[in-house]
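Quick notes on the structure that follows.
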Amino acid sequence: MDLLPHQVIRYLQLGMDQVFEANSSWLCATCFSCETQCPRGIDVSKICEAIRAIKLRQDQHDLKFENQPPQMPQQGLVSAYRKLSAY
Amino acid sequence: MQSYLYFPGCTLRTVATDFDVSAKACAHALGTDLKEMQGWLCCGAVYSNTSDNLMTQAGPNRILSRARTEGNSLVTLCAGCHNVLKRTSIQAKRNRERQEKINDFNEETFDGEVNVFHFLEVLRDFVGYDTIRGKAKAPLQGLPVGAYYGCLLLRPYREMQLDDPHRPTVIENLLESIGCSPVDYPARTECCGSYLSVPTPETIEQVSGAIVQSARSNGAKVIAVSCPLCKYNLELSQSHEPKPMPVVYFTQLLGLALGLSQQDVGLDDLHYQAIRGNLQAPMVKEA
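Protein chains in written order, with our numbering: chain A, 335 to 421; chain B, 3 to 289.
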């Protein structure tokens, strides 16, 4: 992860656009761990989703989902497409 | 017989039929019934955090509006479906204006009348652990099981409210009631990596590998899960290991303890032998 969750928030507060080029929001699996543990109640997963959405709506993504094993749960495929492709 | 309206979801009808089959068999053995709801469809797998795009809410709301015609509660098994449907139901009550838009689009009305329960909640709150203990004809004596919760069952807590998000006990208490010796290990509420196994399987080897390692170093011989994607990821992270730790659904262990056969709960030989081999006392079925 290029930037840790607390750094993502700080970069955003300071208006530093490098946060959009970091891989952090793409590695966020929306597990809500940060949110559950944050003493200030910051919804980090929602913020990471916003960063992804901004990039995806600019059509800036590079997804390759080829050669998925047959045992891959549908749930995984649907979530990956939902989270990592345009919306 | 108490009957519960049940939502299976896509994965339980394809790669995780063992979860579906074992849960229905358990429900039956406990004197209840999981009745599949009519006209269900994909829940969307993840609850959308994007509040300016309501299209993603159409699917889960449609499921719940259809469930409403059959009852006021809905039972789920897959942790992903549970998370989506429960949050959808809660949000429908909280945000009226948003809900009206969704209902107008769907042309089906849902206003949060359906309470969504996970099967674990049914076992805890409606069936009760004492009943389960009484019906466990073949308890899994001393089986060291690491309960794995992952994310979606517990978080975000303000909506899920299933159990303490930091120190959950619901799966452990169930396992205790069927004779197992649950193992406490720090990584049981960590994320398995979820859908990142699709674009970057190497990430999963790190995050899920750490969970399996944590369970193993605390003495677990089997991991019990409630989500097909967690199971897949935990197994994927061990694909190069000579002796991988078996990952099973909690309903498969429950089924065995209730006296069901290996086939009834959909266990393959390898997993079944691993469970039997780690019991402290041989599995005996009482008359």
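For glycine and all other residues, C-beta sits at the position ideal for the given N, C-alpha and C.
Proximity below 8 Å, CB of residue i to CB of residue j
| i | j | result |
| --- | --- | --- |
| B/Y251 | B/S219 | no |
| B/P170 | B/T191 | yes |
| B/A81 | B/L154 | yes |
| B/L56 | B/V116 | no |
| B/A138 | B/I180 | yes |
| A/I388 | A/I343 | no |
| B/M162 | B/N51 | no |
| B/L256 | B/C83 | no |
| A/S316 | A/C382 | This structure cannot settle anything about residue 316 of chain A, because the visible part of chain A is limited to 335 through 421. |
| B/A140 | B/V48 | no |
| A/V353 | A/L338 | no |
| B/V118 | B/K88 | yes |
| A/L397 | A/S379 | no |
| A/C372 | B/C193 | no |
| B/N97 | B/R64 | no |
| B/L272 | B/Q254 | no |
| A/L411 | A/Q402 | yes |
| A/L361 | B/T205 | yes |
DSSP bridge partner residues for residue i (one or two, in chain order)
| i | result |
| --- | --- |
| B/A149 | B/A226 |
| B/E38 | B/Y8 |
| B/S75 | B/N117 |
| B/Y251 | B/V227 |
| B/V185 | B/G148 |
Cβ separation of residue i and residue j, assumed to be a contact under 8 Å, to the nearest whole Å
| i | j | result |
| --- | --- | --- |
| B/V200 | A/A414 | 4 Å |
| B/P62 | B/G46 | 6 Å |
| B/A212 | B/I225 | Not quite, the Cβ-Cβ distance comes to about 13 Å (not below 8 Å), so this is no contact. |
| B/L258 | B/V267 | 6 Å |
| B/A69 | B/L164 | About 19 Å; that fails the 8 Å criterion. |
| B/V129 | B/L32 | 5 Å |
| B/G195 | B/V209 | 4 Å |
| B/Q59 | B/I104 | 5 Å |
| B/L142 | B/I277 | 7 Å |
| B/L176 | B/L122 | 7 Å |
| A/T370 | B/P203 | Between B/P203 and A/T370 the Cβ distance is about 26 Å, and since that is not below 8 Å, they are no contact. |
Near-chain B residues of the region 379-397 of chain A (beta-carbon distance less than 8 Å), N- to C-terminal order: Of all residues in the region 379-397 of chain A, S379, K380, E383, A384, A387, L397 have a Cβ within less than 8 Å of some Cβ in chain B.
Taking beta-carbon pairs under 7 Å, can you tell me which members of the region 407-418 of chain A lie near chain B? Those would be P407, Q408, Q409, G410, L411, V412, S413, A414, R416, K417, L418, in chain order.
At least 3 beta-carbon pairs within less than 8 Å: the region 172-190 of chain B vs the region 143-150 of chain B: Yes, they touch.
Could you tell me whether the region 397-414 of chain A touches the region 230-247 of chain B, using the rule of 3 or more Cβ pairs below 8 Å? Touching, yes.
Using a Cβ-Cβ cut-off of less than 7 Å, list which residues of the region 219-243 of chain B approach chain A; keep chain order. Of all residues in the region 219-243 of chain B, P230, L231, Y234 have a Cβ within less than 7 Å of some Cβ in chain A.
Can at least three beta-carbon pairs, one atom from the region 31-46 of chain B and one from the region 66-82 of chain B, be found at a separation below 8 Å? Contact between the region 31-46 of chain B and the region 66-82 of chain B is present, because at least three Cβ pairs lie under 8 Å.
Selection of the region 262-280 of chain B by Cβ proximity to chain A, strictly under 7 Å: Contact annotation: in the region 262-280 of chain B, no residue has its CB less than 7 Å from a CB in chain A.
Just by C-beta distance, which residues in the region 46-65 of chain B are closer than 9 Å to chain A? Listed by position along the chain: G46, A47, V48, Y49, S50, N51, T52, S53, D54, N55, M57, T58.
Taking contact to mean at least 3 C-beta pairs separated by less than 8 Å, is the region 246-263 of chain B in contact with the region 14-22 of chain B? At 8 Å Cβ cutoff, the stretches touch.
Proximal residues, the region 134-159 of chain B versus chain A, C-beta separation under 9 Å: Those residues of the region 134-159 of chain B placed with their C-beta closer than 9 Å to a C-beta in chain A are G152, C153, L154, L156, R157, P158, Y159, ordered along the chain.
Members of the region 5-21 of chain B that neighbour chain A once the beta carbon cut-off is set at 7 Å: Listed in sequence order: C12, T13, T16, V17, A18.
Of all the residues that make up the region 178-189 of chain B, which are near chain A by a beta-carbon distance shorter than 9 Å? The region 178-189 of chain B vs chain A, Cβ under 9 Å: nothing.
The region 243-260 of chain B: positions lying closer than 8 Å to chain A by Cβ: Residues of the region 243-260 of chain B with a C-beta atom less than 8 Å from some C-beta of chain A do not occur.
To be precise: take each residue of the region 105-129 of chain B, compare its Cβ to all Cβ atoms of chain A, and keep it if any distance is under 9 Å. Which residues remain? Answer set for the region 105-129 of chain B: empty.
Beta carbons nearer than 7 Å to chain A: which residues of the region 189-200 of chain B have them? Using a CB distance below 7 Å, the part of the region 189-200 of chain B facing chain A consists of C193, G195, S196, Y197, L198, S199, V200, ordered along the chain.
Using Cβ-Cβ distances below 8 Å, what residues of the region 158-173 of chain B are close to chain A? Going along the region 158-173 of chain B in chain order, one finds P158, Y159, P167, H168 with a Cβ nearer than 8 Å to chain A.
Of the residues that make up the region 71-86 of chain B, which ones have a beta carbon closer than 7 Å to any beta carbon in chain A? Of all residues in the region 71-86 of chain B, the ones placed with a Cβ closer than 7 Å to any Cβ belonging to chain A are C80, G82, in chain order.
Between the region 23-35 of chain B and chain A, which residues of the former have a C-beta closer than 7 Å to a C-beta of the latter? Closer than 7 Å at the C-beta level to chain A, one finds no residue of the region 23-35 of chain B.
Using a Cβ cut-off of 8 Å, which residues of the region 87-103 of chain B contact any Cβ in chain A, in chain order? From the region 87-103 of chain B, no residue has a Cβ closer than 8 Å to chain A.
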